[in-house]
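Counting along the sequence shown from 1, when you hit position 163 you're at 144 in my numbering, and nothing is skipped either side.
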Amino acid sequence: MKPGKPHIHNLPINDITNLSVLAQRVQQEAEARGETLPPPVRLHIGEPSFRTPEHIRQAAIDSIGREPLTYGPAVGWPWLRELLAEKIARVNRYRVRPENVAIAMGGTGAIQAVFLATLGVGDEALIPDPHWPHYNMQLAACGATLVSYPLNAEQAWLPDIAQLERLVTPRTRMLVINSPGNPTGAVFPASLVADLLDFARRHDLYLLSDECYDEIVFEGRHVSPASFLTQDEFTEGRVICVYTFSKSYAMTGWRIGYVTTGAELLKSIVYVLDAGMTNVSTAIQRAAAAALSGPQDCISEMRNAYQRRRDLAVVLLKEHGRYVYTPHDAFYILVDISNSRYPQRHARQFSLDLLREHNITIGPGSAFGPAADHYARISLAASDEEIEGGVRAVCLFADR
Ligand SMILES: Cc1ncc(COP(=O)(O)O)c(C=O)c1O
């Protein structure tokens, strides 16, 4: 048996992806018994419940009909990078030149390229707990060490600088922050973002700001650390910001995102992008350009729907005495599943039992890190009926 590098081979299973497989298995088992099970209520996945808007889809179709679709530049086409520089100024409120933007295969591809371009074996990256599960796998792939900084609902899931100070070692190279946050729904206030930037400066760290949910904010204002930098500081390459089309434009399957930073660091990142994907398909880049230059009301329509569903979930949690906090962004809510008999109930087993007994999938908090092990993450990207039925079922199940 030659299973590959042990630290990659032995990574914990990604329970979010795995739940889809398990849900399918439950269906097959029912079929084998001659029973018909309705499709599962899927509340585990961060998949927008909307179709990519028509004008965006059409732009890709037109490109396929009209353009040669040869290899393109690894950094992305200039026409898209120009539109992105405008978007960054409009939405994220800092100025970049198109030369500071590179196109990647989703936020995922951008983050992986940043890690590979900056971190080596044994380097430590400070990562929030709970966090988007891919950070684990991505850091393992480049041999770097994940050092988590725990967050909690009592402190509104916001990082604590004093705690971060205690985690710094001579091997610390990077601080990763994620606001607007998944799975926490936290939007960092401007003063905290400024303090986190100071922390990174003080310890000479890269600051990777994962801003993939930048346009799905209900309350508060998303502030990018890059908006605090002078042009010279931005050029330095300390701060790296990552974005995606997946969430704002319901384009998860199109696999396109982008990264901004100083031109010298971007050069290293683009070598990694080139090595891993050559370039994102021109047809997909045309769709992204149509998303940016077309009507933007699709974003507010989807955002309003997520906010309405967030409100619905909060009301239900209050009704069931399980309200802990209100998420201010993205489309998830963490529900505390502990009870007096099980003060530290394990989310993984809870999610497996809930699937078997109620045919509902939730994201076990453990998939996002130990700090969320007694939480279920419910995706608000489902229908109102699914959220209503699902939240009630989770609460009743948690009371047992
Ligand atoms: C916090 C966070 N960052 C990055 C991503 C990557 O998204 P994509 O690769 O679809 O752009 C996700 C996706 O769920 C996410 O939740």
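Where is the CB? At the ideal position from N, CA and C, for every residue including glycine.
Under 7 Å between C-beta atoms of residue i and residue j
i    : j    : result
R74  : S208 : yes
R236 : S44  : no
H309 : E135 : no
P111 : A352 : yes
A94  : V253 : yes
T342 : R76  : no
L273 : K68  : yes
P164 : Y313 : yes
A374 : H339 : yes
A66  : L247 : no
L18  : Q9   : no
L148 : F180 : no
G238 : A85  : yes
R326 : H355 : yes
Limits of the alpha helix (DSSP H) - the one that residue i falls within
i      : result
Y252   : A244 to M258
N59    : The amino acid occupying residue 59 in the given sequence is Pro; Asn does not appear at that position. Its alpha helix (DSSP H) spans residues P59 to K68.
I42    : E35 to R47
G370   : D365 to D380
I(-11) : P(-13) to H(-10)
A11    : D(-4) to A13
D213   : Q212 to E217
F331   : A328 to H339
Close Cβ partners of residue i (< 6 Å) along its chain, the five nearest in sequence each way excluded
i    : result
F331 : I318
V223 : G88, A91, I92, D191 and V240
R284 : I197
P49  : none
P131 : D110 and A352
P21  : A4, N340 and T342
T33  : A231 and M232
I108 : Y116, L127, S129 and V157
W113 : N163
A98  : S249, I250 and V253
Cut-off 7 Å between Cβ atoms - residues of its own chain near residue i, not counting five sequence neighbours on either side
i    : result
P206 : V174, L177, L178, L188, S190 and V220
R381 : none
Y52  : T259 and N260
P423 : Residue 423 lies beyond the stretch modelled for the chain, which goes from -18 to 381, so this question has no answer here.
L361 : Y287, R290, R291, A294, F312, Y313, I314 and I368
R329 : D(-4), P345 and S347
T225 : G87, G88, C193 and G238
G370 : V22
M118 : L(-8)
G350 : D110, P111, H112 and S129
L186 : T153, R154, M155 and L156
A269 : L61, F226 and I237
Bounding residues of the beta strand (DSSP E) (the contiguous stretch that carries residue i)
i    : result
L24  : V22 to L24
S360 : Y356 to S360
L189 : Y187 to D191
I237 : It is not in any beta strand (DSSP E) - I237 carries neither H nor E in the DSSP assignment.
T225 : V220 to T225
Cutoff 8 Å; reference residue i; Cβ partners in own chain excluding five residues on either side
i      : result
G103   : G124, A125, T126 and R152
L298   : Y304, V305, I314, V316, V372 and C376
P79    : P59, R62, E63, L65 and A66
V72    : D195 and E196
L336   : L0, L3, A4, V7, P21 and T342
R182   : R219
H(-12) : A121 and G124
N81    : A66, F215, T241, T242, G243, A244 and L247
Sufficient close CB pairs (3 or more, under 8 Å) joining the stretch 269 to 286 to the stretch -3 to 11 | With fewer than three CB-CB distances shorter than 8 Å, the stretch 269 to 286 does not count as touching the stretch -3 to 11.
Taking 8 Å as the threshold, find out whether the stretch 139 to 154 comes into contact with the stretch 299 to 316 through three or more Cβ pairs.
-> Touching, no.
Is there contact between the stretch 26 to 42 and the stretch 226 to 243, where contact requires at least three CB pairs shorter than 8 Å?
-> Enough Cβ pairs lie closer than 8 Å, so yes.
May I have a chain-ordered list of the alpha helix (DSSP H) segments no shorter than 4 residues that lie completely inside the stretch 86 to 170?
-> Listed in chain order, they are 87 to 99, 115 to 122 and 142 to 148.
Determine contact between the stretch 239 to 257 and the stretch 211 to 223, defined as no fewer than three beta-carbon pairs at a distance below 8 Å.
-> Result yes; three or more Cβ-Cβ pairs closer than 8 Å.
Just checking, does the stretch 248 to 268 make contact with the stretch 57 to 76 on the three C-beta pairs under 8 Å criterion?
-> Remark: three or more beta-carbon pairs, one from each stretch, lie closer than 8 Å, so the stretch 248 to 268 and the stretch 57 to 76 are flagged as touching.
With a floor of 4 residues, list each alpha helix (DSSP H) that falls wholly inside the stretch 271 to 321, ordered by position along the chain.
-> 278 to 300, all fully within the stretch 271 to 321.
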